[in-house]
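Chains D and C, in that order, give the protein sequences. Read in order, the letters of the first sequence are residues 862 to 1145 in the working numbering. Read in order, the letters of the second sequence are residues 1116 to 1461 in the working numbering.
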Amino acid sequence: MVQESLVKLRDVRKSYGRTEVLHGIDIDVPAGQITGLLGPSGHGKTTLVNLIVGALKATSGQITVLGEPAPPRKVKSQIGYMPQSDALYEDLTAVQNLRFFGALYGMNRSQMDEAIPTVLTTVSLTEQMGRKTVGAFSGGMKRRLSLAIAMIHSPRLLVLDEPTVGLDPVHRVRLWKGFQELVKAGRTLIITTHVMDEAVNCDDLVMIHDGQVIAQGAPDELVKQSGTATLEAAFLDFEAKAEQGKSTGDDAVPDDAAPPRVAPADTGPDQHAKKPRKKGGSHA
Amino acid sequence: MRNTWAQAKRIWQQFSHDPRTVVMFIVAPVLILWLFSAMLGTTPSEPRLAVVGLPSQVTTALEDSAQVSVLSQADADAKLASRDIEAIVSMDGMTLNVEVEGTNASTTARTLAAIQSGLKTMAAAGQGGVGALPTLDVSYLHGSADWTSFDYLGPVFIGIFIFVFVFITAGMSLVTERTGGTMERLLVSPIKNWQIVAGYCLGFGVVTVVQAGIVLMASIKLIGFPNEGNLGLVIVTTFSMAMVSMTLGLLVSGLARTAFQVIQLMILLVIPQVLLSGIFDLTNAPTWMNVLSVCFPISHGAEALRAVMLRGEGLSDIGYQLAILWAFVVAFFLLASLSFRSRRTR
């Protein structure tokens, strides 16, 4: 099955000052799927989505979003973005927030009247909140409203940065059902997460470690490829391989390079010298 | 245009949910301007003098313009030291000796003026052997004899307060969006940077017109600020100043990372303008200071306000100042739009 890539990244690098946080990223995001960006906090996921939506500019490399080179201008209105922080106007009501962003995306009154109940239902919020301003909302409600804003204009591409953080399990499950319905309706989703249970629900996973892509593929394929039982184990396995690739000082180590796998035990002193503090300072 | 309008509408909605801010917008400037008028508007009390060994007709003459008590030299010295009197007047031959307390220059000036006016009264009456002087007959082109320094400074202060208030409001706006994360949302939406700035100008602008109108009405009708000119023109001038302040505030807000930085920049950018805006007489100040004063928008706004409120001048007289103010508005608006384009791509 040949699929069109909605988002394409080629050798993308990003530096803040002298520190490079993304070291040559290549990603293809297929249309009509949920692509998960999986990786620990602080390893460049947010920077990556900021580059895709055009909030940041790459230091080098090529990014194509919906056929337009980044930062996207013409296709902006076809992208929905949910930042990691809630990013709401706390002294407005939920509906006022939605109407404001709807207007920015060029929606008229009747389009919004139609869309608002729909997106609120998707995130399990209702219009009954009435005159209550967002400042009085619970953390979970704010999170869900933030998501509703990201999809108010029915974008082709939805980029969600940690959408389920701080949500209770009930709403988390409901949201994922909502995501799958969006995909059925032909939308494409990019979701960052560091939760393995959620990553399993993605159609395609991009594993990110220390500003590099360490693996990409369907979740079950990745598990199979690594020869492990769970996605978590698979991630740790890919992570370990990537680390070894670095410590030998050679990026060209093939994926199936077996020897380094036993290396950590042999080069024990080296490893200890690198991170003595984490072990609780037993030598003190 | 739609985006700008949406942005402005959002700002009004935010105001409508925040009645405290609305009240502060009106009450705070009125309260401060009232305090200011109460402080500077009072006629200063007559200076207290001690006279030591003066001829009685001199003492009587001084009593016209000062509270005089006849004391011995020792008592007078003690009272001067404890600041119960402002000056000791004694006579040495034909010379009048005045010893002043001297801590506060303006009190000293007032005391000396009172003594001189007493002597003039005496001379006019042909007493004390001093040659007769013509009686002063003062007429006023503008104002009247009962105008105090409040009347001269009043228009400047109205301008300054509106300027500072608007600066703070505008200065917090973009920074709040940045720290709250909504800026990120705006930047990835189709709205353009200048539209964000224009939306704020429109939204706050309307609020400011209402604010300036109410504050000016209260100042003139209730507090008693002088106004010899057209109230509409006063509002236009104040609004022009407010727009300079708003665009400058937006520029600062676009550059700053935190609210704290906005306050720091305000101290740097606004306080010098206030100091050189005409509160202090710069006639004898160094040239560079006068040049600096001309470079500052507040100076032009304050000058225009004084022209209208004190001298009753019309639009043709202050057109020059208004043009300068709006040139500042355009410049700051463009810079503000650029200030966070550089941020957008970091």
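Note that the Cβ used here is the ideal one computed from N, Cα and C, for glycine as well.
Is residue j closer than 8 Å to residue i when the C-beta atoms are compared?
| i | j | result |
| --- | --- | --- |
| Leu1430/C | Leu1331/C | no |
| Gly1168/C | Ser1221/C | no |
| Gly1416/C | Phe1282/C | no |
| Val995/D | Asn958/D | yes |
| Val966/D | Val1303/C | Before going further, note that residue 966/D is Tyr rather than Val in the sequence given. Not in contact: Tyr966/D and Val1303/C (Cβ atoms no closer than 8 Å). |
| Val1138/C | Ile1275/C | no |
| Leu870/D | Ile888/D | yes |
| Val984/D | Leu1006/D | yes |
| Gly1269/C | Ser1152/C | yes |
| Ala1165/C | Met1237/C | no |
| Gln1129/C | Asp952/D | yes |
| Ile1277/C | Thr1174/C | no |
| Thr1054/D | Gly893/D | no |
| Leu1148/D | Gln945/D | Nothing about residue 1148/D can be reported from this structure: the residues present for chain D run from 862 to 1145 only. |
| Gly1338/C | Trp1149/C | Sequence check: residue 1338/C is Ile here, not Gly. Result yes, Cβ atoms of Ile1338/C and Trp1149/C sit closer than 8 Å. |
| Ala1079/D | Phe1099/D | no |
| Ala1228/C | Glu1214/C | no |
| Thr1226/C | Pro1162/C | yes |
| Val1312/C | Ala1451/C | yes |
| Val1328/C | Ile1306/C | It should be noted that the sequence gives Gly, not Val, for residue 1328/C. No, they are not a contact pair. |
Our contact map puts residue i next to residue j with C-beta atoms below 8 Å; I'd like the distance itself, whole angstroms only.
| i | j | result |
| --- | --- | --- |
| Asn1345/C | Val1406/C | Contact doesn't hold; Cβ gap of about 31 Å is too wide. |
| Asp1071/D | Pro891/D | 25 Å between Cβ atoms; not a contact. |
| Ala1011/D | Leu1021/D | 7 Å |
| Ala976/D | Ser1015/D | 7 Å |
| Ala919/D | Val873/D | 5 Å |
| Pro1412/C | Leu1440/C | 6 Å |
| Ala1285/C | Ser1360/C | 7 Å |
| Leu867/D | Thr1049/D | 5 Å |
Run the CB neighbour count on residue i, radius 10 Å, all protein chains shown included, and call it buried at 16 or more, exposed below.
| i | result |
| --- | --- |
| Gly1393/C | buried |
| Pro978/D | exposed |
| Val1074/D | buried |
| Pro901/D | exposed |
| Gln1436/C | buried |
| Phe1375/C | exposed |
| Glu1216/C | buried |
| Asn1212/C | exposed |
| Asp947/D | buried |
| Met1068/D | buried |
| Glu1418/C | buried |
| Asp1199/C | exposed |
| Val1445/C | exposed |
| Ile1230/C | buried |
| Phe1395/C | exposed |
| Asn1219/C | exposed |
| Thr1398/C | exposed |
| Thr907/D | buried |
| Ala1224/C | exposed |
| Val1123/D | Residue placement at Val1123/D cannot be trusted, given a pLDDT of 34 that sits under 50; what the coordinates show is reported in the next sentence. Classification of Val1123/D: exposed, given that the 10 Å Cβ count is below 16. |
| Ala1469/C | No answer is possible for residue 1469/C: the residues shown for chain C start at 1116 and end at 1461. |
| Thr1119/C | buried |
Quick one: give me the first and last residue of the alpha helix (DSSP H) that residue i is part of.
| i | result |
| --- | --- |
| Gly1432/C | In the sequence on display, residue 1432/C carries Asp and not Gly. Here the alpha helix (DSSP H) through Asp1432/C covers Leu1430 to Ser1454. |
| Ala1414/C | Checking the sequence shown, residue 1414/C turns out to be Ser, not Ala. Here the alpha helix (DSSP H) through Ser1414/C covers Pro1412 to Arg1426. |
| Ser1360/C | Leu1346 to Leu1370 |
| Asp1058/D | Met1057 to Ala1060 |
| Ala955/D | Ala955 to Leu965 |
| Val1312/C | Asn1308 to Met1332 |
| Asp1081/D | Pro1080 to Ser1087 |
| Met943/D | Segment Ile940 to Met943 is the beta strand (DSSP E) holding Met943/D; no alpha helix (DSSP H) there. |
| Ala1189/C | Gln1188 to Ala1196 |
| Ala1143/C | Pro1134 to Gly1156 |
| Ser876/D | Not the alpha helix (DSSP H): Ser876/D falls in the beta strand (DSSP E), residues Ser866 to Tyr877. |
| Gln1172/C | Ser1171 to Glu1178 |
Grab the span of the beta strand (DSSP E) containing residue i for me, first residue to last.
| i | result |
| --- | --- |
| Asn911/D | Premise fails: Asn911/D lies in the alpha helix (DSSP H), Lys906 to Val914, not in any beta strand (DSSP E). |
| Gly1039/D | Here Gly1039/D belongs to no beta strand (DSSP E); instead the alpha helix (DSSP H) covers Pro1030 to Lys1045. |
| Ser1184/C | Gln1182 to Val1185 |
| Thr1398/C | Looking at the DSSP string, Thr1398/C is not in any beta strand (DSSP E), and its letter there is neither H nor E. |
| Met1068/D | Asp1065 to His1070 |
| Met1116/C | Note, Met1116/C: premise wrong, no beta strand (DSSP E); not H, not E. |
| Ala1202/C | Ala1202 to Asp1207 |
| Pro891/D | Thr880 to Pro891 |
| Leu981/D | Leu981/D -> not in any beta strand (DSSP E); alpha helix (DSSP H) instead, spanning Arg970 to Thr983. |
| Val1389/C | Val1389/C -> not in any beta strand (DSSP E); alpha helix (DSSP H) instead, spanning Ile1386 to Val1389. |
So does the stretch 922 to 929 of chain D actually touch the stretch 1081 to 1098 of chain D, counting three or more Cβ pairs closer than 8 Å? no
Using 8 Å as the Cβ pair cut-off and three pairs as the minimum, do the stretch 1117 to 1125 of chain C and the stretch 1305 to 1320 of chain C touch? yes
Any contact of the stretch 1288 to 1299 of chain C with the stretch 1367 to 1374 of chain C, i.e. 3+ C-beta pairs under 8 Å? Counting Cβ pairs under 8 Å, three or more are found: they touch.
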